[in-house]
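In the numbering used here, the protein residues as written are 2 to 200. Note that the Cβ used here is the ideal one computed from N, Cα and C, for glycine as well. Every value quoted in this text rests on a predicted model; they were computed, and no experiment measured them.
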């Protein structure tokens, strides 16, 4: 049987270690996030290049901090806490914006799974309106609206994920549930300490 998209990714969100106290391992999280960015290639439109560039830029900010200070960067929470008194909190800003992008993607795909008759344009537009639009100016909103309209037909996207749709849907559900859990943990962490204030 031909491999699916999920068989070929570098790291699945369900394989990202999360400790009992909800600390998220930095290295695996970044690898899983990079794998998610490649999902936008399947949407097949250059309109998503801005989304990919934004997410890749935020991944880079977090990784640079990890490379600079590996001992205090083992988990995402460690990075934010170690940066909280700095003037420039690049990695914290990167994580905040990356999480917003991940939340947008997760909500769009959840809407798609839960509404089998809904086209991706609708799922992604509704998700954008619920997540990112409040953080964007008119120019960026315009770019995203073009991207949402450029979504492929649902059947074309799902067929690119893999031939056997029952396998694809099972893998997508497991990957998405793990992504949703991680997004929820990061959002709760930011809210608990106002670490995203002023970013």
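Top-ranked residue by Cα proximity to residue i, from the options
i           : options              : result
residue 1   : 76, 28 and 146       : The requested residue 1 does not occur in the structure, where the chain is confined to residues 2 to 200.
residue 140 : 128, 8 and 51        : 51
residue 81  : 153, 25, 113 and 131 : 25
residue 14  : 166, 172, 160 and 42 : 172
residue 186 : 166, 160, 19 and 147 : 19
residue 29  : 198, 125, 16 and 89  : 16
residue 199 : 42, 87, 64 and 130   : 87
residue 145 : 193, 49, 42 and 167  : 49
Contact belief for residue i with residue j at Cβ below 8 Å, rounded distance in angstroms
i           : j           : result
residue 100 : residue 188 : 6 Å
residue 150 : residue 122 : 6 Å
residue 1   : residue 112 : Residue 1 is absent from the model: the chain starts at 2 and stops at 200.
residue 37  : residue 103 : 7 Å
Beta-carbon gap between residue i and residue j smaller than 8 Å
i           : j           : result
residue 91  : residue 66  : yes
residue 95  : residue 54  : no
residue 181 : residue 72  : no
residue 70  : residue 83  : yes
residue 184 : residue 5   : no
residue 46  : residue 148 : yes
residue 158 : residue 132 : no
Residue i versus residue j: straight-line alpha-carbon distance, rounded
i           : j           : result
residue 85  : residue 195 : 10 Å
residue 56  : residue 35  : 8 Å
residue 31  : residue 163 : 24 Å
residue 176 : residue 7   : 8 Å
residue 135 : residue 142 : 9 Å
residue 128 : residue 109 : 5 Å
residue 191 : residue 2   : 42 Å
residue 154 : residue 12  : 27 Å
residue 138 : residue 97  : 17 Å
residue 166 : residue 39  : 20 Å
residue 124 : residue 114 : 9 Å
Short CB-CB distance (under 8 Å) between residue i and chain C
i          : result
residue 83 : Absent from the structure: chain C. Only one protein chain is present.
Coil, strand or helix - residue i by DSSP
i           : result
residue 113 : helix
residue 124 : helix
residue 17  : coil
residue 1   : Lying before the first or after the last residue shown, residue 1 is absent from the chain, which here runs from 2 to 200.
residue 5   : coil
residue 74  : coil
residue 167 : helix
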